[in-house]
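Numbering (the numbering used here), first residue to last: 1130 to 1562.
One structure is given here, and the rest of the page talks about it.
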Ligand code: SF4
């Protein structure tokens, strides 16, 4: 069997560099001119209310635009861009596509734009009892071009092409990927691709992100494109560049075992730049106290009377997006005095411990799980799926814990303002000229 090839290209001019990347990886070779082609970017979340830095979080529009232009120049006419972002974005998906400049691609190239969340999902049986509900538009595409971002992920270590396909699932199936047990996430989401016709993966590495996948992580300018017709090979190279050999990434290990892949970089044909020249370790996770009482920063600030149990892989994206803001809010409530003996649990497997006066149950799953927990002296339930932050402030205020929502607003401004245009961060990369 021929070795799968992967191209690594340093970006100078996006259009030229993507041409080079596709040439080196034979990226268009698997596509037929009459194919219905679905382009799947990564738009995990967006926000119109507060500043949202998309660096390393959302696929750049300049890469999508260059891809659409190249496909159109090669005669491909049936192009669709589709994504199923966090359902909390509904019904604003058209506003997001507008903000990303996709409407211009629609006008210029006739590209169809779909939001999977507005369409039908088909229950799909994998033949061994495993089932997922997948967007009909993704299943019906002849070929999928997957365009993830080169980023880390605080649960899966890296989030690249195979993970990006989670956006093709409905809310229920997305949540089911984050099952109970440490291994569950890395066993489930790599299976999505088995039912999808992914013909090409292009990892958008214009920026990369530590402590991803959301905007609370820190982005770096990277200027790389990694492409392959083989989704596993592409992810393996992306992970190596982020500093994670495949054998250290559970989902890649599981995928390799299931599909008979080698996890050795040497077994793949690399074209273009070398991995070694671009490999830089990017931290994937947040530092926590040894006693599992909260982020290391809380300990440094001398916050006591509060034990926030570290999120685990059962916490799905909805709650994950709210988790860091929840920490900021709790931190804002600290005025030098200990918290009133509070524990915070979240996700589908954290059982509130004995010995606390107050148990904050963050999200519907933690509420259900701890409903009859005899350890709980006083429950402070946040039933949302995911919980709403303003509600969080309101509920905690009733218990005498005064969080300051404005502190969260300031934090969002800080996240946005720390990227300066003159350091290579350009919001124009998320627009189409
Ligand atoms: S409450 Fe949170 S962890 Fe539970 S299903 Fe909803 S988003 Fe997922």
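Beta carbons are placed, not taken as given, at the ideal position from N, Cα and C, and that holds for glycine.
Assuming residue i contacts residue j (C-beta within less than 8 Å), just tell me the rounded distance between them.
i            : j            : result
residue 1137 : residue 1401 : 5 Å
residue 1559 : residue 1187 : 7 Å
residue 1478 : residue 1441 : 6 Å
residue 1240 : residue 1234 : 4 Å
residue 1532 : residue 1458 : 4 Å
residue 1192 : residue 1333 : 5 Å
residue 1134 : residue 1398 : 4 Å
residue 1190 : residue 1343 : In fact, because the Cβ distance is near 19 Å, the residues do not count as touching under 8 Å.
residue 1211 : residue 1264 : 7 Å
What is the rounded straight-line gap between the Cα of residue i and the Cα of residue j?
i            : j            : result
residue 1237 : residue 1141 : 24 Å
residue 1132 : residue 1390 : 10 Å
residue 1590 : residue 1474 : With the chain covering 1130 to 1562 only, the question about residue 1590 has no answer from this structure.
residue 1361 : residue 1291 : 8 Å
residue 1279 : residue 1252 : 30 Å
residue 1448 : residue 1164 : 37 Å
residue 1414 : residue 1204 : 43 Å
residue 1309 : residue 1316 : 11 Å
residue 1511 : residue 1411 : 33 Å
residue 1470 : residue 1304 : 31 Å
residue 1507 : residue 1462 : 19 Å
residue 1200 : residue 1206 : 8 Å
residue 1535 : residue 1289 : 34 Å
residue 1483 : residue 1255 : 41 Å
residue 1247 : residue 1336 : 30 Å
residue 1426 : residue 1460 : 10 Å
residue 1485 : residue 1497 : 19 Å
residue 1364 : residue 1319 : 11 Å
residue 1213 : residue 1385 : 27 Å
residue 1490 : residue 1444 : 13 Å
residue 1281 : residue 1222 : 25 Å
residue 1517 : residue 1540 : 17 Å
residue 1267 : residue 1245 : 8 Å
residue 1524 : residue 1394 : 51 Å
residue 1418 : residue 1454 : 19 Å
residue 1160 : residue 1422 : 52 Å
residue 1215 : residue 1446 : 8 Å
residue 1377 : residue 1311 : 14 Å
residue 1184 : residue 1545 : 10 Å
residue 1166 : residue 1464 : 55 Å
residue 1229 : residue 1348 : 19 Å
residue 1562 : residue 1232 : 11 Å
residue 1467 : residue 1456 : 16 Å
residue 1416 : residue 1493 : 26 Å
residue 1284 : residue 1372 : 16 Å
residue 1392 : residue 1357 : 16 Å
Could you tell me if residue i is buried or exposed, where buried requires 16 or more neighbouring beta carbons within 10 angstroms of its beta carbon?
i            : result
residue 1367 : buried
residue 1515 : buried
residue 1162 : exposed
residue 1180 : exposed
residue 1451 : buried
residue 1250 : buried
residue 1307 : buried
residue 1542 : exposed
residue 1556 : exposed
residue 1150 : buried
residue 1472 : buried
residue 1501 : exposed
residue 1177 : exposed
residue 1403 : exposed
residue 1503 : exposed
residue 1286 : buried
residue 1529 : exposed
residue 1526 : exposed
residue 1340 : buried
residue 1551 : exposed
residue 1520 : exposed
residue 1369 : buried
residue 1405 : exposed
residue 1549 : exposed
residue 1224 : exposed
residue 1476 : buried
Does the CB of residue i have a neighbour CB from chain D at under 7 Å?
i            : result
residue 1303 : This model lacks chain D altogether, as it is built from one protein chain only.
Less than 6 Å separating the Cβ of residue i from some heavy atom of the ligand SAH?
i            : result
residue 1479 : Although the ligand SAH was asked about, the structure shown includes only the ligand SF4 as ligands.
The region 1148-1156 / the region 1250-1261 touching (three or more Cβ pairs under 8 Å): no
Is it the case that the region 1350-1357 contacts the region 1291-1307, given that we only count it when at least three CB pairs across the two stretches are under 8 Å? no
Three or more beta-carbon pairs under 8 Å between the region 1265-1272 and the region 1321-1341, yes or no? yes
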